[in-house]
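Okay, so the sequence shown: first residue is 2 according to the numbering used here, each after it adds one.
Glycine included, every Cβ here is placed at the ideal spot set by N, Cα and C.
Some notes on the structure that comes next.
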Amino acid sequence: MEYTREELLPGVWLTALRTDKFKTGTLTMSLLSQLDAETASMHALIPSVLRRGTVRLPDMESIAGELDGLYGSRVEPAVRRVGEVQLTGFTASFPEDRLLPERMGLLGRISSLLGDLLLRPNTRGGLLLPDYVNGEREKLVERIRAQKNDKDSYAVQRLIQLMCAYEPISAGVLGSEDSAEGIHYTR
């Protein structure tokens, strides 16, 4: 197994772990921010809205078609917490090139797609599309409500909220239902 870490730009790191043990590759792109109850829902919403379309692939159907052409690769929005840091971004999984009949360079194509999702979203007048924002906000509110259905993780989440009530870690990684409902598209 080979581990490398390189700073591409100030504050932008590429960490690679190479192994021949697996048949699929994984690429994650994470933006780090301080976990804060006021902004957690907004940060959790961003990757889902960006995943809806890019300039080159304007809707989810065209993104799905692109991924099908990449041997069924997947790109999913990702929101995690590491201590008091919220990580938002994307996780992509794809077949390893060494297993494909014609080495397609999937890593490069997946990297390009992630770059498009982050840097060239489908916008109108420079603003994210209101239908995308409103639709993903409703899904986020439902995800927050559904957390109660996973009793084990919800118990841990509530314990942290109660024990660390005045610390940033008490904010859930998805934020609160109220803060998510308060997100509105503005012009």
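What number of angstroms, rounded off, separates the C-alpha of residue i from the C-alpha of residue j?
{"i": "Leu88", "j": "Glu103", "result": "35 Å"}
{"i": "Leu163", "j": "Ile47", "result": "27 Å"}
{"i": "Thr40", "j": "Val86", "result": "12 Å"}
{"i": "Lys149", "j": "Leu101", "result": "42 Å"}
{"i": "Leu108", "j": "Gly12", "result": "22 Å"}
{"i": "Leu18", "j": "Val50", "result": "29 Å"}
{"i": "Val157", "j": "Phe95", "result": "33 Å"}
{"i": "Glu3", "j": "Thr20", "result": "7 Å"}
{"i": "Leu128", "j": "Arg110", "result": "26 Å"}
{"i": "Gly70", "j": "Arg57", "result": "15 Å"}
{"i": "Leu160", "j": "Leu141", "result": "22 Å"}
{"i": "Leu9", "j": "Leu15", "result": "7 Å"}
Where DSSP assigns a beta bridge to residue i, which residues make up the other side?
{"i": "Phe23", "result": "None, per the DSSP bridge assignment."}
{"i": "Gly12", "result": "In the DSSP output, where bridge partners are listed per residue, Gly12 has none listed."}
{"i": "Ala79", "result": "Gly90"}
Is it buried or exposed for residue i, if we count other Cβ within 10 angstroms and need 16 for buried?
{"i": "Tyr72", "result": "exposed"}
{"i": "Glu137", "result": "buried"}
{"i": "Asp151", "result": "exposed"}
{"i": "Tyr167", "result": "exposed"}
{"i": "Leu68", "result": "buried"}
{"i": "Ala147", "result": "exposed"}
Below 8 Å CB to CB, which residues in the same chain sit around residue i once its five sequence neighbours on both sides are set aside?
{"i": "Ser177", "result": "Ala38, Ala41, Ser42, Ile145"}
{"i": "Arg52", "result": "Met61, Ile64, Val76, Glu77, Pro78, Phe91, Leu118"}
{"i": "Lys22", "result": "Met2"}
Here's a check: name, in chain order, each residue in its chain whose Cβ is nearer than 7 Å to the Cβ of residue i, leaving out the five neighbours to either side.
{"i": "Gly173", "result": "Ala41, Gln158"}
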